[in-house]
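In the numbering used here, the protein residues as written are 302 to 495.
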Amino acid sequence: MQFVRLFMVSSMCVVAGRCFTPYTPTQQSFRLHKIVPDIIPVGPPNQLRVLYPSGVMLTIGAKTKPYYIDEQPSIVEYRCPKISFNLLIMIDFDEPAFGHYRERERVHWLVVNMEADDVSSGQTLIEYGMFPVMFEGPHRYAFLMYQQPWVFGFDIPYIDAETIEGRNNFSIADFSTKYHLNNPLWGAIWINTF
């Protein structure tokens, strides 16, 4: 009887030569690029759609060049409850270079207290800013969207689009703990090649 149960469970996992995982494609991408568990414990289950004025639409694991994403995205789409407050952050996980994490995470954009799916309703704490990197090579970038437990003030100094100071050595893990954020619910990850 035990053998029959084991066979049924294992045969449910493998169908038509494919083994199914408990992870969504977005979560799998965050694992593949070693964001999970290296930087955050759990990847977002849902994908953000991010469109730039250049026409670039970010998809899971896409590769792009810096000049295509040097302006703030024109559209960030996601589905969420209409009665919720959300936080959007864009991070470079490979500052100054992949494998050399002296400054680790660099924040490129941070918007908080957004009403439902309206990014423009939020408070921008760190304006969108792309800066030249010190070393060539791939950089893993991600947008992460968290649902806030409530609206509250963040004790982060405002950083304008031209200022690089205050963006490096960020820790999304420490930030989410400090502000009582659960795991991200939406995300997009891509590789910027220089």
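For each residue, glycine too, the CB sits at the ideal point set by N, CA and C.
Where residue i falls, given that 16 or more other Cβ within 10 Å makes a residue buried
i: G488; result: buried
i: S330; result: buried
i: E406; result: buried
i: W491; result: buried
i: H401; result: exposed
i: P450; result: exposed
i: Y442; result: buried
i: N483; result: exposed
Alpha-carbon spacing of residue i relative to residue j, whole angstroms
i: K364; j: M391; result: 16 Å
i: P342; j: N469; result: 21 Å
i: Q357; j: P374; result: According to the sequence as given, residue 357 is Val; it is not Gln. Near 9 Å, if we compare the C-alpha coordinates of P374 and V357.
i: I370; j: P323; result: 32 Å
i: R332; j: Q348; result: 14 Å
i: L426; j: D393; result: 17 Å
i: H334; j: T327; result: 11 Å
i: G423; j: F471; result: 21 Å
i: L307; j: F455; result: Residue placement at L307 cannot be trusted, given a pLDDT of 37 that sits under 50; what the coordinates show is reported in the next sentence. Using only the alpha carbons, I get a separation of about 51 Å.
i: K479; j: F495; result: 33 Å
i: F453; j: F476; result: 14 Å
i: I481; j: P346; result: Before going on, a small fix: residue 481 reads as His here, not Ile. So the two alpha carbons sit approximately 19 Å from each other.
8 Å Cβ cutoff met for residue i and residue j
i: M446; j: L389; result: yes
i: F399; j: P439; result: yes
i: Y379; j: D418; result: yes
Bridge partners - residue i, DSSP secondary structure assignment
i: R407; result: D393
i: T425; result: V412
i: Q373; result: Paired residue(s): none; Q373 is not in a bridge.
CB-CB length for residue i against residue j, believed under 8 Å
i: G430; j: E466; result: No, G430 and E466 are not in contact; Cβ-Cβ is about 11 Å, not under 8 Å.
i: V351; j: F444; result: 6 Å
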